[in-house]
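Participant: I have a structure I would like to understand better, so I am pasting it below and will then ask my questions one at a time.
Residue numbers (my numbering): 1260 to 1402.
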């Protein structure tokens, strides 16, 4: 019962965010959340709190799965297909790395890939903002 109410509250939070946060910003935020959850999963694993770590891992992969399932292949074409493959590969790599002897190194590579992906989305977001503002880039939002 507790899990159902938690899932409902999370769903409501996502719906509220979806109406108030621009899509490109939301993608960056979600990837950031996945990074944080993977870091927590690794820390919990190293502290031998495997159940807690597994919960963080499941949440992180759920975020990546949600991102992959919300791609618009009719508009995104080859890019959407490549993003789907990337998200799927990161999900599989995360699941395979957890609980393994070299988890720290594997998670470091996964987190680095996600960080690079998040930075790419942030660049796209900033570029779109500049185009929308019609500016030269001097008035881009500060991070």
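Heads up, the beta-carbon is just placed ideally off N, CA and C, and yes, glycines get one too. Computed from a predicted model, the values in this text were never measured in an experiment.
Where does residue 1340 fall in DSSP's three states?
Facilitator: In the structure shown, residue 1340 sits in a helix (DSSP, three-state: H, G or I).
Participant: Would you call the segment 1305 to 1315 and the segment 1280 to 1291 in contact, with 3 or more CB pairs under 8 Å?
Facilitator: These segments do not touch.
Participant: For residue 1363 and residue 1393, I'd like the C-alpha separation in whole angstroms.
Facilitator: If you take the alpha carbons of residue 1363 and residue 1393, they lie about 44 Å apart.
Participant: Would DSSP call residue 1365 helix, strand or coil?
Facilitator: Helix at residue 1365.
Participant: Ignore the nearest five residues each way along the sequence and tell me which others in residue 1379's own chain have a CB closer than 8 Å to its CB.
Facilitator: Closer than 8 Å at Cβ, skipping near neighbours: no residue.
Participant: So, does the segment 1323 to 1336 touch the segment 1354 to 1368, judging by three or more C-beta pairs under 8 Å?
Facilitator: Contact between the segment 1323 to 1336 and the segment 1354 to 1368 is absent, because fewer than three Cβ pairs lie under 8 Å.
Participant: Under the three-state reduction of DSSP, which class applies to residue 1301: helix, strand or coil?
Facilitator: Helix at residue 1301.
Participant: Considering only the beta carbon of each residue, do residue 1297 and residue 1321 sit closer than 8 Å?
Facilitator: Not in contact: residue 1297 and residue 1321 (Cβ atoms no closer than 8 Å).
Participant: Roughly how many whole angstroms lie between the Cα atoms of residue 1240 and residue 1301?
Facilitator: Here the chain comprises residues numbered 1260 to 1402, so residue 1240 is not present and cannot be evaluated.
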